[in-house]
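Student: Going by UniProt numbering, the sequence shown opens with residue 1, and the numbers climb by one from there.
Right, I'll just put the structure down here and ask away after.
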Amino acid sequence: MWRRFTSFDRGVRLLMVNQLAINTGFYMLMPYLAGHLSGGLGMAAWTVGLVLGVRNLSQQGLFLLGGALADRLGYRPVIIAGCLLRTVAFALLGVADALPALLAASAMTGFAGALFNPAVRAYLAHDSGERRVEAFALFNVFYQSGILAGPVIGLALVSVDFRLVCAVAAAVFGLLTLLQLLALPPCRARTTGGAGVAAGWRAVVANRPFLLFSTAMAGSSVLSFQVYLALPLLLGDAGAVGSLFVVSALVAIAGQLRITDWARRRWSGPQAVVRGLALMAIAFLPLVPAGAAPSAAARIAAVLACAALLAAGTALTYPFEMDTVVALSGERLVATHYGLYNTVAGIGITLGNLLVGALLGAGSPAAAGTALFLLGAACAVAVGALGRTGRLTGAAAPEAAGQR
């Protein structure tokens, strides 16, 4: 991994370290925010849900704006602005005790993510050139490492004081802001030129193959999100839930580069995505008998098996999925395409979670597992159909065996 990392240009390397720090700072704070709001501030459950919901809504709802701004203003300034905004937001979460201030901090946290997420991915795609798939695979290793490290650091800090968690998380983003101001090179990508933001949106919405691919892939985001919804609810025990995230992260960290190299020697990008989606669908089959498991140990084993298979499927899918978005964009307005892609995924997650939550609430984990399997299978069939009809022809072809 170190050899791969050092083989990329400075900008790409910095973006990977940047994502590690972003996820570490985010996940050291956000898992403990609900407990602080309810226990530390004594807020009612509905207000806790409102604060957390505003963050998600502001991020998912503003991805398209964040991507358009990145294409219009350049990736570097938007990434820096996003990190600076999250620095302020996390600092405010540590001192705010009134609902309006908490809502403002939560909205800023979400908008910050909407700014730097599309910009980072577009910058990474631009600077990695022909090595996009490899770059996104390595990027996911850093991404998952942050998810693994963040909650552990946050747990140690929250045992002292939640305000300390906020201060350290804000400091992480403050240092990131400074680092990128000093070291992140400008990125001269092909953007809208003199055209406005609205013109860029119209161009992306008119990209029919991209819209079809985004819609077909929305279900995969629903499947990935079950690490935060269905699987923790089925486990119940907090300690077991912790092991769920450890298993998911370790599979991705240990297997990502090997899985990607193996897939690149065998399949085109769309073919790898189809197989990854199929594996993500199969991951939910262990949940079908989990609800009737005779013991807690059997239920935990089934859920952890689901998490491991889901992580492996995601590792197979993710680099080729990100590369396909770039290919379908024609390498123009890439950040705007990523912004709309994330918006469609957010809508899919909301609708999918309503269904999964209803099934689990009715005491039907087998039905939830079956529904998620069918959703993943439908996504795989849809992407396969797009590939066979030539709508994904912009995606990268497989490399010759042995090439990297």
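Even glycine gets a Cβ: it sits at the ideal position worked out from N, Cα and C.
(1) So the alpha helix (DSSP H) Asn353 belongs to, where does it begin and stop?
(2) Can you tell me which of Gln226, Ala45, Phe111 and Gly39 puts its alpha carbon nearest to the alpha carbon of Gly348?
(3) At which residues does the alpha helix (DSSP H) containing Gly53 begin and terminate?
(4) Our contact map puts Arg275 next to Val197 with C-beta atoms below 8 angstroms; I'd like the distance itself, whole angstroms only.
(5) Less than 8 angstroms separating the beta-carbons of Pro118 and Gly67?
(6) Excluding the 5 residues preceding and the 5 following Ala335 in the sequence, name in chain order all residues of the same chain whose CB lies nearer than 7 angstroms to its CB.
(7) If contact is defined by three or more beta carbon pairs under 8 angstroms, each pair taking one atom from either stretch, is the region 139-149 in contact with the region 16-26?
(8) Can you tell me whether Phe373 is helix, strand or coil according to DSSP?
(9) Which residue marks the beginning of the alpha helix (DSSP H) containing Glu130, and which one marks its end?
(10) Less than 8 angstroms between the C-beta atoms of Leu287 and Ala308, yes or no?
(11) Considering only residues of the region 276-330, which uninterrupted alpha helix (DSSP H) runs meet the minimum length of 4 residues and lie entirely inside it, listed in chain order?
(12) How should Met1 be labelled, buried or exposed, when 16 other C-beta atoms within 10 angstroms of its C-beta is the threshold for buried?
(13) Use the C-beta contact count for Ser7: other C-beta atoms within 10 angstroms, 16 or more gives buried, fewer gives exposed.
(14) What are the start and end residues of the alpha helix (DSSP H) that includes Pro209?
(15) Given a threshold of 16 other Cβ atoms within 10 Å of its Cβ, counted over all protein chains shown, does Leu93 qualify as buried or as exposed?
(16) Under the assumption that residue 410 contacts Asp97 (Cβ atoms under 8 angstroms), give the Cβ distance between them as a whole number of angstroms.
(17) Considering Cα atoms alone, identify which of Gly129, Pro365 and Leu386 is closest to Leu331.
(18) For Arg264 versus Val133, is the C-beta spacing smaller than 8 angstroms?
(19) Which value, in whole angstroms, describes the spacing of the CA atoms of Leu54 and Met108?
(20) Any idea if Leu277 is buried or exposed, counting beta-carbon neighbours within 10 angstroms, 16 or more meaning buried?
(21) For Leu375, tell me which candidate among Ala170, Gly352 and Gly11 has the shortest Cα-Cα distance.
(22) Assess, as a yes-or-no matter, whether the region 23-30 is touched by the region 161-178 under the definition of 3 or more beta carbon pairs within less than 8 angstroms.
(23) Return helix, strand or coil for Asp261, following the three-state DSSP convention.
(24) Does the region 205-222 touch the region 307-325, meaning 3 or more C-beta pairs lie closer than 8 angstroms?
(25) In chain order, what residues of the same chain lie with their CB nearer than 6 angstroms to the CB of Ala397, ignoring the 5 residues before and after it?
(26) Would you mind working out which of Ala345, Val344, Gly346 and Gly369 sits nearest Val356, comparing C-alpha positions?
(27) Just to confirm, is the Cβ distance from Gly110 to Gln180 under 8 angstroms?
(28) How long is the line joining the alpha carbons of Val51 and Leu354, rounded to whole angstroms?
Tutor: Taking the structure as given:
(1) Looking at the DSSP string, the run of the alpha helix (DSSP H) that includes Asn353 is Val334 to Gly361.
(2) Gln226
(3) Ala45 to Leu73
(4) Rounded, the Cβ-Cβ distance is 37 angstroms, inconsistent with contact.
(5) Going by C-beta atoms, Pro118 is nearer than 8 angstroms to Gly67.
(6) Gly67, Ala70, Asp71, Tyr75, Pro118, Ala119 and Ala122
(7) yes
(8) Correct three-state label for Phe373: helix.
(9) First-last for Glu130: undefined, no H or E at that position.
(10) At a Cβ-Cβ threshold of 8 angstroms, Leu287 and Ala308 do not count as neighbours.
(11) For the region 276-330, whole alpha helix (DSSP H) runs of length 4 or above, ordered along the chain, are 296-329.
(12) exposed
(13) exposed
(14) Arg208 to Phe225
(15) buried
(16) Summary: the structure shown does not reach residue 410, with the chain confined to residues 1 through 404, and so no result is reported for it.
(17) A small correction: the amino acid at residue 331 is Glu; Leu does not occupy that position in the sequence shown. Of the listed residues, the one whose Cα sits closest to Glu331 is Gly129.
(18) Between Arg264 and Val133, the gap from beta carbon to beta carbon is short of 8 angstroms.
(19) For the record, residue 54 in the displayed sequence is Val; it is not Leu. When rounded, the distance between both Cα atoms is 9 angstroms.
(20) Burial call: buried.
(21) Gly352
(22) yes
(23) helix
(24) yes
(25) With a pLDDT of 41 at Ala397, under the threshold of 50, the modelled position of this residue cannot be trusted; read the value that follows with caution. So the list reads Ser268, once near-sequence residues are dropped.
(26) Gly369
(27) no
(28) Rounded to the nearest whole angstrom, the C-alpha separation of Val51 and Leu354 is 19 angstroms.
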